[in-house]
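In the numbering used here, the protein residues as written are 25 to 198.
Built from N, CA and C at the ideal position, the CB exists for glycine as well.
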Amino acid sequence: MTRRTLILGGVRSGKSFYAESLARADGREVTVVATATAGDAEMAARIAAHRARRPPAWSVIETPVRLAETLRQTCRPERVVIVDCLTLWISNLLCADDEALADRETQALCAKLPQLPGGLILVSNETSLGIVPVGALTRRYLDCAGALHRRVAAEMDRVVLLVAGLPLTLKGSS
């Protein structure tokens, strides 16, 4: 059975595919919580590609902002939930008109994680391996992502870093 797993990696490193393979192998019903919004043609194409490769029996819930509440309503012992992805969710929060939304929503998510039943697979981009950007919003984004990853990793049974499609287990067993 799928445990509570955080999957980190760079763009196009194979994170989503790996998360989907874990969920497929589990045998329970699967729900994907998608945080992306199709703001342009390129993102719409990425979303379509993700949808096309998933089994038709999997349900999808689009949740650009209220992730903790969606997980509270969705997680069940008989289900594996994939959240794809936390960094897109952070972008949505930071680009909202509410300055404090990111803090409120990330606090709510971190408070809810220990209580969630069933399998949970969180996917996120590891963003803190490069240089620090000059823009204040980008620095805030990286700070939020890094802090969230630390807090989430502490709650998860397993943390995996994907590089070139290869999983490297950072926490827990393979």
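Return the chain-ordered list of same chain residues with a C-beta closer than 7 Å to the C-beta of M67, the five sequence neighbours on each side being excluded.
These residues qualify, in order along the chain: A60.
What's the gap between the Cα of S198 and the Cα of T29?
Note on geometry: alpha-carbon atoms of S198 and T29 lie some 11 Å from one another.
Per DSSP, which residues does I85 bridge with? Please list them.
I85 is bridged by DSSP to V57.
Is it the case that the Cβ atoms of L46 and E150 are separated by a distance below 8 Å?
By the CB criterion at 8 Å, L46 and E150 fall outside the cutoff.
Would DSSP call T94 helix, strand or coil?
For T94, the secondary structure class from DSSP, reduced to helix, strand or coil, is helix.
Top-ranked residue by Cα proximity to E102, from G34, V184, L140
E102 has its Cα closest to that of L140, out of G34, V184, L140.
S148: first and last residue of the uninterrupted alpha helix (DSSP H) it sits in:
Segment 143-149 is the beta strand (DSSP E) holding S148; no alpha helix (DSSP H) there.
Same chain, Cβ closer than 8 Å to V35, neighbours up to 5 away in sequence not counted
Contacts found: N149.
Neighbourhood of R96 by C-beta, 7 Å cutoff - its chain only, sequence neighbours within 5 removed:
Correct list, in chain order: K136.
Are the beta-carbon atoms belonging to L125 and V107 less than 8 Å from one another?
Taking 8 Å as the Cβ cut-off, L125 and V107 do not qualify as a contacting pair.
Expected contact under 8 Å - CB spacing of Y42 and L144 to nearest Å:
Wrong, their Cβ atoms sit about 15 Å apart, outside the cutoff.
Per DSSP, the bridge partner or partners of P191
Bridge partners of P191 according to DSSP: L186.
In whole angstroms, what separates the C-alpha of D122 from that of E129?
Going by C-alpha positions, D122 is about 11 Å away from E129.
Excluding the 5 residues flanking A171 on each side, which residues of the same chain have their C-beta closer than 8 Å to its C-beta?
Once the five neighbours on either side are set aside, the close Cβ partners of A171 are T130.
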